[in-house]
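Position in the sequence shown counted from 1, then plus 160, gives you this note's numbering. Think of the CB as a built atom: it goes at the ideal place given N, C-alpha and C, for glycine as much as any other residue. Presented below is the structure to which this report refers.
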Amino acid sequence: MNRRGFLEALALTGAATLAGARPRFAAAQSVPDVEVVVRPRQPGATIAPHLYGHFIEHLGGVIYDGVWVGRDSRIANVDGIRKAFIDDMKAIGAPVFRWPGGCFADGYHWRDGIGPSVRRPRTYNFWQTSTPEGVRGFETNQFGTHEFMRLCHLTGAEPYLAGNVGSGTVQEFHEWVDYCNAPAGTLSLADERARNGDVHPFNVQYWGVGNESWGCGGDMTPQEYAQRYRQFVTQFPTHTRPFLIATGPRGHSADRDVGWTSGFFEAMQGGRRSRVDGFSLHFYTDFRQTGFRAATFTPKEWYSVLLKGIGIERAMLENWEIMGRFDAEHRTKLVVDEWGNWYPPGEEIAPGFTISQPITLRDGLHTALTFDIFNRHADKIAMANVAQTINCLHSLFLAHEDAFVRTPVYYVFQMYRSHMSGRLVPIEMGETEQTVTAEEGAARMAVVYGSASVNAARTLTVTLTNPSLEAPVNARVRLDGAQAIEVTGQVLAHDDRQAANTFVRPTEVSLAPIRQTIDGQGVRLTIPKQAVVSLSIRMA
Ligand code: AHR
161 MNRRGFLEAL ALTGAATLAG ARPRFAAAQS VPDVEVVVRP RQPGATIAPH LYGHFIEHLG
221 GVIYDGVWVG RDSRIANVDG IRKAFIDDMK AIGAPVFRWP GGCFADGYHW RDGIGPSVRR
281 PRTYNFWQTS TPEGVRGFET NQFGTHEFMR LCHLTGAEPY LAGNVGSGTV QEFHEWVDYC
341 NAPAGTLSLA DERARNGDVH PFNVQYWGVG NESWGCGGDM TPQEYAQRYR QFVTQFPTHT
401 RPFLIATGPR GHSADRDVGW TSGFFEAMQG GRRSRVDGFS LHFYTDFRQT GFRAATFTPK
461 EWYSVLLKGI GIERAMLENW EIMGRFDAEH RTKLVVDEWG NWYPPGEEIA PGFTISQPIT
521 LRDGLHTALT FDIFNRHADK IAMANVAQTI NCLHSLFLAH EDAFVRTPVY YVFQMYRSHM
581 SGRLVPIEMG ETEQTVTAEE GAARMAVVYG SASVNAARTL TVTLTNPSLE APVNARVRLD
641 GAQAIEVTGQ VLAHDDRQAA NTFVRPTEVS LAPIRQTIDG QGVRLTIPKQ AVVSLSIRMA
């Protein structure tokens, strides 16, 4: 596309945003050309929908005020759960929720959260010492197992329960399994569940054996944890075939924490009765020890966050390689059950919302780059869970009382939805790279990042991100061995790199259609600067 055509495209795309809204991005000086080659006929792994999973913890405003408003609330709710949250989670096909923590999980005793709500005890919450003075930090247990299962049922998501290894017993863990999964009329615990309102078993398949057992989950060595793990899983009650997830490494450590992985699997050798289906990897794009801010940042800080974020690929690959030394067939898959940006405290979105932060366009682009990595390694990952879905780090929503907004991260989940269950197909972005200046100095980045998949109806989804703060990119997406017959596309962009949705301006950043043209075997489009695009291409 020539410069005139490009400017017309930008004008058109801007005009396609909400009526009356100002154009969300502006033209820049030089426009690189990139040829993206997609090979839809080649085989590839299935992208598990669970790569687009969620994590909610009893932490700050995540559960109380975020998810749970209470049955008597004037805020629209279904059985106490915020209705807007249910509706939006359904709309993106949320596949799974991890609950109740996080660090909270290793202090949680599930019995405190069942039975009549007025009789439930008030208990200690791991996070209460980080809660500001004057704000209630203890746990009321109003949101317990049944309320969580109701959330899963209402949204269509599967439950993933994180068990208490740090301060609980093997017996307590197994009784939770019985309570959730045994058919009514068999075990007494199943009858108790039925008396508490749920006759049908919850059939929970995903069970986490502790959380961050190297840290808040028990401060163990990998050898100590391996021994605990064996005890927790050997007599695991199998009412339904479980998917057992062991605590894995702190992937954002400087050395990717590979010592945890080798130490654990070495200590597990010979444990023939102790299956490990999933190995949890946590990766925070961690800026806690810096002067970075979530809402305001320089161009250098923009690139620092994106560059550090794509480091998740190295953490996955190095740990995967070590796992392969003990399990050549790779029966154990990675479960990236906490990932996201983590900025220093000081910008909490409401009083008492511990580790909550504003979410900007930068976090939206980070999400897209992360999803492209997950897609490209779909053969290695069984699940991934964003930390955390609402009122926390890297959230899809901010909510306080009756205010509720979708963040740019939500829109990226929406754009990537059609990758879920798709067949991964190879994508090449050409050789084009650029030099960017981050806080750490000059660095190389691709001009365009992306991934592609084909669904059962032969529709090709291509997602593309232009990380540049300077220039749009003219892209030609060439389909190798296939013909595009119809294309639609969406773009998440804004001319302000710090753009965010707030309670005052809830729709500042949102999706808009993007103009593109079918050209021979491919599609041409201009990707605005600092933008994510998703294309849905019907093929002949
Ligand atoms: O997501 C916040 C916390 O980060 C979790 O509770 C913990 O697992 C991790 O350290």
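* Let me know the secondary structure DSSP gives residue 686 once reduced to three states. => Strand at residue 686.
* Inter-residue CB distance, residue 658 and residue 671 (contact presumed, cutoff 8 Å) -> Between the beta-carbon of residue 658 and that of residue 671 there is about 19 Å, and that puts the pair past the 8 Å contact cut.
* Asked: Going by C-alpha distance, which of 666, 582, 576, 484 is nearest residue 565?
  -> For residue 565, the closest alpha carbon among the candidates 666, 582, 576, 484 is that of 666.
* Looking at the unbroken beta strand (DSSP E) that takes in residue 673, where does it start and where does it end? -> Unbroken beta strand (DSSP E) run through residue 673: 671-673.
* Asked: Going along the chain, which residues of its own chain have a beta-carbon closer than 7 Å to the beta-carbon of residue 596, five neighbours each way excluded?
  -> Counting only Cβ-Cβ distances below 7 Å, and skipping sequence neighbours, we find 463, 603, 605.
* Mind checking which residues open and close the alpha helix (DSSP H) that includes residue 260? => Careful: residue 260 lies outside any alpha helix (DSSP H) and carries neither H nor E.
* To do: Using three-state DSSP, classify residue 567 as helix, strand or coil.
  => Looking at residue 567 - three-state DSSP - the assignment turns out to be coil, as it is neither helix nor strand.
* **Three-state class that DSSP yields for residue 320 in the structure shown** => For residue 320, the secondary structure class from DSSP, reduced to helix, strand or coil, is strand.
* Going by beta carbon distance, what residues of the same chain come within less than 8 Å of residue 551, once the five residues before and after it are set aside? -> Here the set comprises 220, 221, 222, 225, 226, 509, 510, 513, 516, 557, 558, 559, 560.
* **residue 569 to residue 345 span [Cα, whole Å]** => Those two C-alpha atoms are separated by around 44 Å.
* Asked: To the nearest angstrom, how far is it from the Cα of residue 389 to the Cα of residue 435?
  -> Pairing residue 389 with residue 435, the inter-Cα distance amounts to about 10 Å.
* To do: Could you tell me how far apart the beta carbons of residue 259 and residue 308 are, in whole angstroms, since I believe they sit closer than 8 Å?
  => About 5 Å; that satisfies the 8 Å criterion.
* Asked: Are three or more beta carbon pairs between the segment 515-532 and the segment 491-504 nearer than 8 Å?
  -> Pairwise C-beta distances place the segment 515-532 in contact with the segment 491-504, as three or more of them are shorter than 8 Å.
* If you measure from the CB of residue 261, is any heavy atom of ligand 1 nearer than 7 Å? -> Distances from the CB of residue 261 to the heavy atoms of ligand 1 include at least one below 7 Å.
* Asked: What are the uninterrupted segments assigned as beta strand (DSSP E) that are 3 or more residues long and contained completely in the segment 361-420, given in chain order?
  -> Counting only runs of 3 or more, we get 366-369, 403-406.
* Label residue 613 either buried or exposed according to how many other C-beta atoms from any shown protein chain fall within 10 Å of its C-beta, with 16 as the threshold for buried. => Buried, because 16 or more other Cβ atoms sit within 10 Å of the Cβ of residue 613.
* Asked: For the 8 Å Cβ check, are there 3 or more pairs between the segment 358-370 and the segment 319-326?
  -> A contact is defined here as three or more CB-CB pairs under 8 Å, and the segment 358-370 meets this definition with respect to the segment 319-326.
* Within the same chain, show all residues whose beta-carbon is closer than 8 Å to that of residue 194, passing over the 5 residues directly before and after it, in chain order. => In chain order, 589, 590, 592, 607, 608, 633, 634, 635, 636 place their CB closer than 8 Å to the CB of residue 194, counting only its own chain and leaving out the 5 sequence neighbours on each side.
* **Per DSSP, cross-strand counterpart(s) of residue 560** => When beta bridges are read from the DSSP output, residue 560 appears opposite 563.
* Asked: So is the beta-carbon of residue 635 under 7 Å away from any non-hydrogen atom of ligand 1?
  -> Answer for residue 635: no, Cβ out of range of ligand 1.
* Quick one: Cα of residue 443 to Cα of residue 255, how far? -> In a straight line, the C-alpha of residue 443 is about 20 Å away from that of residue 255.
* Any heavy atom of ligand 1 within a distance shorter than 7 Å of the CB on residue 547? -> Yes, Cβ of residue 547 sits closer than 7 Å to a heavy atom of ligand 1.
* Asked: Along the chain, where does the beta strand (DSSP E) that runs through residue 541 open and close?
  -> Residue 541 -> beta strand (DSSP E) spans 541-547.
* Asked: How many Å lie between residue 273 and residue 236 at the Cα?
  -> Approximately 23 Å, taken between the alpha carbons.
* **Residue burial classification, residue 645 (beta-carbon count within 10 angstroms, cutoff 16)** => Per the 10 Å Cβ criterion, exposed.
* To do: May I have the straight-line CA-CA distance separating residue 577 from residue 253, to the nearest angstrom?
  => The alpha-carbon separation between residue 577 and residue 253 amounts to approximately 7 Å.
* Looking only at its own chain, which residues have a Cβ that is under 8 Å from the Cβ of residue 538, when we skip the five neighbours before and after it? -> Within the same chain, residue 538 has close Cβ partners 204, 205, 206, 207, 208, 211, 584.
* To do: Let me know if residue 185 comes out buried or exposed under the rule of 16 or more other beta-carbons within 10 Å of its beta-carbon.
  => Low confidence applies to residue 185: its pLDDT is 38, below 50, so where it sits in the model is not reliable enough to give any reading.
* Answer yes if the segment 392-411 comes into contact with the segment 330-344, meaning at least three C-beta pairs across the two stretches below 8 Å, and no otherwise. => Result yes; three or more Cβ-Cβ pairs closer than 8 Å.
* **Among 423, 377, 293, 376, the one whose alpha carbon lies nearest that of residue 383** => Checked all of 423, 377, 293, 376; the closest Cα to residue 383 is 423.
* Thinking C-alpha only, which one of 483, 336, 627 is nearest residue 689? -> Nearest of 483, 336, 627 to residue 689, Cα basis: 627.
* Does the beta carbon of residue 312 fall short of 7 Å from some heavy atom of ligand 2? -> Absent from the structure shown: ligand 2. Ligands present: ligand 1.
* Asked: For residue 252, which of helix, strand or coil comes out of DSSP?
  -> Reduced to three states, the DSSP call for residue 252 is coil.
* How would you label residue 621, buried or exposed, when you count the other beta carbons within 10 angstroms and need 16 or more for buried? -> When all chains shown are included, residue 621 counts as buried.
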